[in-house]
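Here the structure comes first, spelled out in structure tokens, and everything after it is commentary.
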Amino acid sequence: MFLNNLFSKIFRNQNRIEYTTGKAVPLEEIYLSELEKYPIWIYALEEEDVEGQDEFWVKPITNSTNVEAELSTPYILLKIKENNCPVSALLDIENMKLDDLQYWDYKYGNWEELNKLDMPSPIHLISIPSILGKPAVEFSVDIKPKNQTTAIARTLMGPDECKDMYKTLPPNICPVCHTPLKREINPNFIVSNKRSCLRYTYDSFCIVTEDFKNFCTLNHYPNLEFKEFPKSPGNYYFTPLNIFPLDPIRQKIKFEECCSSCGGFKGAYGSSPGFKSKNFTLPSNDFIYRSDIEFGSEEKKSPLIMVGLETEIKMKKFGLKGIYFDDIYE
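Using UniProt numbering, the first residue of the sequence shown is number 1, and each one after it goes up by one.
Next up, the structure:
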């Protein structure tokens, strides 16, 4: 489910002494059924030291449907007044503003950015929980429709696995800049028990589930590599072998200096938004490729995974959970 950039708000002290909370889960793994059962969710900040959790884990308020001021910045469930469509949003109680707005797409069973809705602005939202004791609080939000006409592909992304593949430097790296020359999985790595079908370790290994692998097999995508984890059967390190060239100038990618040992760039930054190289012709609208540029620095560098617009639709129809998409432009 939805991610956000409100770091300054996340770390506010939250007094939840009067509330009973449920089990913490990653933010992106909350679906409509959970929000309908518990329409208020708060950050599990005091549980960040729990292995496998980070600052994006949240937990439900289970004994109240009223948002008090001490909750500071909870996620809440709302409905669009015009059509009753469910919406989730981060509520800034102090300023009574909504952010990180997502609507529930019934067709694909997942959250989508609110600005993808084909509706006139402003949109009126009605809160499901009461706020400061007032039921059905109405919000009016102006949205700018997202221009999807120029997007020609998507970057495939997922949540964090919340740990590294290797506790120390991995094998087969450049001795100077630590860029991976060949990626090998840690045979002792144990994959966490999460619902998302695609996620990344802190050192940028892409992990997928059996469902994701089955999707790729059924659709006959060529040149994909899956390496199964011996201690976590049904989970794989995943990488496409076909290359999708990017345009570093239009994408404004910042490169660090070249390494004196391996000859590659020590780092590359600026993975979004993506721009296709003008010299590259898409094979179709249905593919899974990887970028020609690896982003990040040292042992955490990795390529982007690119999919076609038709591939995105197929993934959603197949029911792959916990993945989201960013735009790549012509």
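For each residue, glycine too, the CB sits at the ideal point set by N, CA and C. This structure is a prediction, so every number in the text was calculated from the model and none was measured.
Residue range 32-37 is occupied by the alpha helix (DSSP H) that includes residue 33.
In the structure shown, residue 18 adopts coil according to DSSP, grouped into three states. Annotated three-state conformation of residue 69 is helix, per DSSP. Beta bridge pairing from DSSP links residue 154 with 307 and 327. With contacts defined as CB atoms closer than 7 Å, residue 67 and residue 125 fail to qualify as a contacting pair. Look at residue 239 here: in three-state DSSP terms it is strand. Contact check for residue 142 against residue 122 passes: the beta carbons are separated by less than 7 Å. Residue pairing from DSSP places residue 208 in a beta bridge opposite 198 and 236.
From the listed residues 308, 21, 108 and 47, the smallest Cα separation to residue 317 is found for 108. Segment contact: the stretch 151-170 against the stretch 128-136, fewer than three CB-CB distances shorter than 8 Å; contact not assigned. If you check the CB distance, residue 291 and residue 246 come in under 7 Å. In the three-state scheme derived from DSSP, where H, G and I count as helix and E and B as strand, residue 115 is classed as helix. Taking C-beta atoms as the reference points, residue 39 and residue 77 count as a pair closer than 7 Å. The C-beta separation of residue 21 from residue 74 comes to about 11 Å, leaving the pair out of contact by the 8 Å criterion. Each of 203, 30, 156 and 155 was checked against the Cα of residue 110, and the nearest Cα belongs to 30.
Inside the stretch 48-111, DSSP marks whole beta strand (DSSP E) runs of 3 or more residues at positions 57-60, 75-80, 86-92 and 97-105, from first to last along the chain.
Apart from the 5 residues on each side of it in sequence, residue 24 sits with its Cβ closer than 7 Å to the Cβ of 44, 47, 53, 57, 58 and 59 in its chain, given in chain order.
Spanning the alpha carbons of residue 183 and residue 172 requires a straight line of approximately 7 Å. Fewer than three pairs of CB atoms, one per stretch, sit closer than 8 Å, so the stretch 254-262 makes no contact with the stretch 230-246.
Here the stretch 247-257 lies against the stretch 269-278, with 3 or more beta-carbon pairs under 8 Å apart. Residue state for residue 134 is assigned as strand, using DSSP reduced to three classes. Setting aside the 5 residues that flank it on each side, residue 269 is surrounded in the same chain by 254, each with a C-beta closer than 6 Å to its C-beta; the list follows chain order. Around the C-beta of residue 196, 16 or more other C-beta atoms lie within 10 Å, and the residue is accordingly described as buried. Taking 7 Å as the cut-off, the beta carbon of residue 105 is found no closer than this to the beta carbon of residue 113.
Put simply, of 185, 188 and 204 the residue whose alpha carbon is nearest the alpha carbon of residue 157 is 204. In the three-state DSSP reduction, residue 144 falls in the coil class, being neither helix nor strand. Residue 227: member of the beta strand (DSSP E) spanning 224-229, first to last residue. Close CB contacts of residue 301 within its chain, under the 6 Å cut and outside five residues either way in sequence, are with 179 and 294 (chain order).
Cβ atoms of residue 237 and residue 190 stay farther apart than 8 Å, at about 13 Å.
In terms of CA proximity to residue 287, 314 leads the group 69, 266, 314 and 227.
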